[in-house]
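Using our numbering, the first residue of the sequence shown is number 298, and each one after it goes up by one. See below for the structure under consideration.
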Amino acid sequence: MKAGGNACPIRFPCSGCGSYRPDPSHLPAIEDQVRSLKANLELARAMGAADYTIRGMEGEIADYLNAIKKMKAKMDSMPDEEPHEVEEASKILRRLRAGSAASSPVALPMPVVRAAEETGA
């Protein structure tokens, strides 16, 4: 996610940013991030990191957990078939994002555009 189409001026505080609007397709990645942050938090505690560092990490984890909780609550409140449809759409979006991270560019079909003089128009 980019801040206003540009690089974010604040480094990596997405969970606490007012522009952070994840959708359910991001749930697995957010849950992975929480696990990683929790591991880093335990390491920071074991190293005797400063209290403000620990509080910052705890706050970031809490923000991500809150985002997860809100998304899951919204999914749980949906009518019967909708959560399944959202999950299917999320799988497609995750595959597309994974494919867009491929090292080679994807060729797109290009229409033939002719100048008005060539077509006689």
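Where a beta carbon is used, it is the ideal one built from N, C-alpha and C, also for glycine. Just so it is clear, the structure is predicted and the values come from calculations on it, not from any experiment.
- Assignment of P376 by DSSP, reduced to helix, strand and coil, places it in the coil class.
- M368 and P380 do not touch by the CB rule: their CB atoms are close to 11 Å apart, not below 8 Å.
- Under the three-state reduction of DSSP, C314 is assigned to coil, being neither helix nor strand.
- With respect to S312, Y361 sits close: the two C-beta atoms are nearer than 8 Å.
- By the CB criterion at 8 Å, I358 and L334 fall inside the cutoff.
- Using a C-beta cut-off of 8 Å, the stretch 319–336 makes contact with the stretch 376–396, since at least three inter-stretch Cβ pairs fall below that distance.
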